[in-house]
Amino acid sequence: MSHTNSIDTRIFKLLSAFKIDADIVSVVPFGSGHINDTYRIKNSDLNGVDYLLQRINHHVFKDVPVLMQNLLYVTEHLKEKLAGIPGSDLEKEVMTIVETRDGKPYFKDGDGNYWRVFHFLKDTSSYDQVTTTQQAYEGGKAFGRFQALLADLEPELIKDTIPDFHNVESRLAKFEKAVEADKAGRLYKVLSEVEFIRERVDEMSEILRLGRAGRLPLRIVHNDTKFNNVLLNSNDHAQCVIDLDTVMPGYVAYDFGDSIRTIANTASEDEFNIQLIDINISLFEYYTKGYLKEAVHFLTEAELDSLLKGVLLLPYAQTVRFLTDYLEGDHYYKIQSPDHNLQRTRAQLTLVKKLEENREKLGQIIMNTWHQYKS
Ligand code: GN1
Ligand code: MG
Numbered sequence: 127m128s129h130t131n132s133i134d135t136r137i138f139k140l141l142s143a144f145k146i147d148a149d150i151v152s153v154v155p156f157g158s159g160h161i162n163d164t165y166r167i168k169n170s171d172l173n174g175v176d177y178l179l180q181r182i183n184h185h186v187f188k189d190v191p192v193l194m195q196n197l198l199y200v201t202e203h204l205k206e207k208l209a210g211i212p213g214s215d216l217e218k219e220v221m222t223i224v225e226t227r228d229g230k231p232y233f234k235d236g237d238g239n240y241w242r243v244f245h246f247l248k249d250t251s252s253y254d255q256v257t258t259t260q261q262a263y264e265g266g267k268a269f270g271r272f273q274a275l276l277a278d279l280e281p282e283l284i285k286d287t288i289p290d291f292h293n294v295e296s297r298l299a300k301f302e303k304a305v306e307a308d309k310a311g312r313l314y315k316v317l318s319e320v321e322f323i324r325e326r327v328d329e330m331s332e333i334l335r336l337g338r339a340g341r342l343p344l345r346i347v348h349n350d351t352k353f354n355n356v357l358l359n360s361n362d363h364a365q366c367v368i369d370l371d372t373v374m375p376g377y378v379a380y381d382f383g384d385s386i387r388t389i390a391n392t393a394s395e396d397e398f399n400i401q402l403i404d405i406n407i408s409l410f411e412y413y414t415k416g417y418l419k420e421a422v423h424f425l426t427e428a429e430l431d432s433l434l435k436g437v438l439l440l441p442y443a444q445t446v447r448f449l450t451d452y453l454e455g456d457h458y459y460k461i462q463s464p465d466h467n468l469q470r471t472r473a474q475l476t477l478v479k480k481l482e483e484n485r486e487k488l489g490q491i492i493m494n495t496w497h498q499y500k501s
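Take 127 as the starting number for the sequence shown in the working numbering and just add one per residue.
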């Protein structure tokens with residue numbers, strides 16, 4: 127590893143803590159995550175390994191050792207499973223964690239920041255929005271397969287990295303506290319959004335109630351199934367599911383519902399012009415086809431019924447989360463403009479409205495697809 131002037135010495139120093147065998151030519155910010163900071167590390171040897179360096183947001187992920195232990199269990203399990211499937215390429219299809227020189231999966235610097243390194247997956251693309259039915263289908267297949275491959279991972283091994291992550295009751299409780307405190311003095315701007323959220327509380331708690339009644343099994347799921355968390359290869363085929371920080375026990379409907387926010391949405395997650403936000407039914411259909419192709423083998427009928435509930439719940443919960451952060455003064459999500467969280471709130475709220483309008487159609491698609499695969 128040699129040093130060039132363009133590389134920030136601080137980053138270069140911390141990279142030397144990892145077992146990296148490369149002559150590094152550049153370190154550039156990478157990706158569009160809202161929580162961690164990500165950099166791509168380029169190797170001068172074009173045929174050598176490139177790396178992905180991340181600073182883990184330890185205000186969000188409060189127990190980094192536990193988080194990284196989860197990632198080791200998950201990636202090792204995925205590699206073991208794929209090793210038994212002919213034609214698999216473990217290096218390309220699963221993230222590879224690079225250890226530090228003293229054998230740890232992360233490095234803590236003198237300022238208390240946590241860093242980790244992965245192999246960078248070359249010749250792949252990720253998209254914030256879907257543009258073709260093939261992409262939608264591949265997205266569905268990728269997340270369905272991901273759940274299927276993790277179905278036999280010992281659930282006790284995986285700890286909650288963020289407790290109550292998709293627990294809508296706890297999200298709503300935090301939201302009500304934020305409304306009450308009105309810390310940033312913004313409540314007067316969002317009264318209709320607050321009303322919209324409150325009107326749907328009971329309906330949106332259905333998945334939790336079913337879970338508590340033992341009707342929905344807890345499984346290891348991804349919990350952050352944005353389309354940009356699937357890497358596609360140069361033929362637009364799904365290659366690898368990334369961003370494994372929230373892989374933990376949850377309901378399959380969480381993954382199905384969260385993916386619809388980016389896969390069937392005609393606009394971006396934070397679209398300012400809400401007129402542009404709508405549901406692309408055909409993309410929804412292809413996503414469902416891809417997902418159920420992989421998941422039909424293990425889903426229970428109750429889980430199948432829960433998918434549509436998840437489709438409404440996750441954009442709703444995301445509305446609650448963005449609005450909570452807005453009311454609290456933007457401490458959680460990275461923002462690009464002062465009212466970014468408000469813009470995100472309104473975009474997600476509009477998406478919920480559109481999903482409500484299309485509810486029956488979407489439910490029909492799920493059922494028809496299920497019957498096609500079952501027959
Ligand atoms: C965050 O950082 P990113 O973009 O992968 C968030 C998700 C939200 C998403 C909204 C740990 O994910 O839950 O759905 O923003 N991750 C965490 O875009 O809160
Ligand atoms: Mg994420």
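Glycine included, C-beta positions come from ideal geometry on N, C-alpha and C.
On a predicted model such as this, the values are computed, not experimentally measured, just so you know.
If we call anything under 8 Å between Cβ atoms a contact, is residue 297 one with residue 447? For this step, residue 297 is matched to residue 171 along the sequence shown. For this step, residue 447 is matched to residue 321 along the sequence shown. Taking 8 Å as the Cβ cut-off, residue 297 and residue 447 qualify as a contacting pair.
Here's a check: name, in chain order, each residue in its chain whose Cβ is nearer than 8 Å to the Cβ of residue 319, leaving out the five neighbours to either side. Stepping through the sequence shown from its first residue, residue 319 is reached at position 193. Here the set comprises 445, 449, 471, 472 and 475.
Residues of its chain near residue 419, where Cβ-Cβ distance is below 7 Å and the 5 sequence neighbours each way are ignored: The sequence position of residue 419 within the sequence shown is 293, counting from 1. Counting only Cβ-Cβ distances below 7 Å, and skipping sequence neighbours, we find 267, 270 and 499.
Environment of residue 131 [buried if 16+ CB atoms lie within 10 Å]: Residue 131 sits at position 5 when you count from the first residue of the sequence shown. Low local confidence applies: a pLDDT of 46 at residue 131 is under 50, so the model's placement there is unreliable, and no value is given.
Out of curiosity, what's the CA-to-CA distance linking residue 409 and residue 496? Translated into positions along the sequence shown, residue 409 becomes position 283. Translated into positions along the sequence shown, residue 496 becomes position 370. Roughly 16 Å between the two C-alpha positions.
From what residue to what residue does the alpha helix (DSSP H) around residue 390 run? Looking up residue 390 in the sequence shown gives position 264. Annotation for residue 390: no alpha helix (DSSP H) segment contains it, and DSSP assigns it neither H nor E.
So what does DSSP say about residue 213, is it helix, strand or coil? Along the sequence shown, one-based indexing puts residue 213 at 87. Of the three classes helix, strand and coil, the one that applies to residue 213 here is coil, per DSSP.
Residues of its chain near residue 134, where Cβ-Cβ distance is below 6 Å and the 5 sequence neighbours each way are ignored: Reading the sequence shown from its first residue, position 8 is the one you call residue 134. So no residue of the chain qualifies.
Starting from the C-beta of residue 137, find all residues in its chain whose C-beta is less than 6 Å away, skip the five residues before and the five after it, and write them out in chain order. Indexing the sequence shown from 1 puts residue 137 at position 11. The residues are 153.
Opening and closing residue of the alpha helix (DSSP H) in which residue 272 lies: Taking the first residue of the sequence shown as 1, we reach residue 272 at position 146. That run of the alpha helix (DSSP H) goes 259-276.
Whose C-alpha, out of 490, 486, 455 and 464, is nearest the C-alpha of residue 301? Residue 301 sits at position 175 when you count from the first residue of the sequence shown. Nearest option by C-alpha distance: 455.
Alpha carbons only, please: which of 243, 403 and 182 is nearest the one belonging to residue 168? Looking up residue 168 in the sequence shown gives position 42. That would be 243, whose Cα lies nearest to the Cα of residue 168.
What's the call for residue 417, buried or exposed, on a 16-neighbour Cβ count within 10 Å? Locating residue 417 in the sequence shown gives position 291, where the first residue counts as 1. Note on residue 417: 16 or more other CB atoms within 10 angstroms of its CB, so buried under the neighbour-count rule.
Where does residue 352 fall in DSSP's three states? Along the sequence shown, one-based indexing puts residue 352 at 226. Reduced to three states, the DSSP call for residue 352 is coil.
Of the choices 365, 343 and 369, whose alpha-carbon is the least far from that of residue 355? What you label residue 355 is simply residue 229 of the sequence shown in a count that begins at 1. It is 369.
Three-state secondary structure (DSSP) at residue 240? Locating residue 240 in the sequence shown gives position 114, counting from the first residue. Taken through DSSP and simplified to helix, strand or coil, residue 240 comes out as strand.
If we ignore side chains and look at the alpha-carbon of each, how far apart do residue 277 and residue 345 end up? Stepping through the sequence shown from its first residue, residue 277 is reached at position 151. Stepping through the sequence shown from its first residue, residue 345 is reached at position 219. So the two alpha carbons sit approximately 7 Å from each other.
Under the three-state DSSP convention, the category residue 408 falls into: Reading the sequence shown from its first residue, position 282 is the one you call residue 408. Looking at residue 408 - three-state DSSP - the assignment turns out to be helix.
Spatial neighbours of residue 423 within its chain, please: CB distance less than 8 Å, with the 5 preceding and 5 following residues excluded, ordered by chain position. In the sequence shown, counting from the first residue as 1, residue 423 sits at position 297. Excluding positions up to five away in sequence, the list reads 274.
Return the CA-CA distance between residue 129 and residue 157, expressed in angstroms with no decimal places. Residue mapping note: residue 129 aligns to position 3 of the sequence shown, counting from 1. Residue mapping note: residue 157 aligns to position 31 of the sequence shown, counting from 1. Confidence is the limiting factor: at residue 129 the pLDDT is only 47, short of 50, which leaves the residue's position unreliable, though a coordinate-based value still follows. If you take the alpha carbons of residue 129 and residue 157, they lie about 24 Å apart.
Consider the C-beta atom of residue 149 and the heavy atoms of the ligand GN1; say whether any pair is separated by less than 7 Å. The residue labelled residue 149 in the question sits at position 23 within the sequence shown. Outside the cutoff, so no.
Closer than 8 Å by C-beta to residue 127: which residues in its own chain qualify, once you throw out the five before and the five after it? Chain order, please. Counting from one through the sequence shown, the residue named residue 127 turns up at place 1. Low confidence applies here, because residue 127 scores a pLDDT of 46, under 50, leaving its location unreliable and the question unanswered by this model.
With a CB to CB cut of under 7 Å and the five nearest residues on each side skipped, what residues in its chain are close to residue 442? Position 316 of the sequence shown, counted from the first residue, corresponds to residue 442. Hits under 7 Å: 326, 330 and 478.
Could you check which residue in 385, 464, 395 and 466 has the C-alpha nearest to that of residue 436? Within the sequence shown, numbered from 1, the residue matching residue 436 stands at position 310. That would be 385, whose Cα lies nearest to the Cα of residue 436.
Quick one: what's residue 233 bridged to in DSSP? Residue numbering aside, residue 233 sits at position 107 when the sequence shown is read from its first letter. Paired residues: 241.
Per-residue DSSP class, three states only, for residue 152: Here the question's residue 152 lines up with position 26 in the sequence shown. In the structure shown, residue 152 sits in a strand (DSSP, three-state: E or B).
Who are residue 179's beta bridge partners in DSSP? As a working mapping, residue 179 is identified with position 53 in the sequence shown. According to DSSP, which records beta bridges pairwise, residue 179 is partnered with 165 and 243.
Can you tell which of 180, 196, 221 and 207 has its C-alpha closest to the C-alpha of residue 357? For the purposes of this step, residue 357 is identified with residue 231 of the sequence shown, where counting begins at 1. Answer by Cα proximity: 221.
Thinking C-beta only, is residue 187 closer than 8 Å to residue 287? Reading the sequence shown from its first residue, position 161 is the one you call residue 287. Reading the sequence shown from its first residue, position 61 is the one you call residue 187. Cβ distance < 8 Å, so residue 287 and residue 187 count as in contact.
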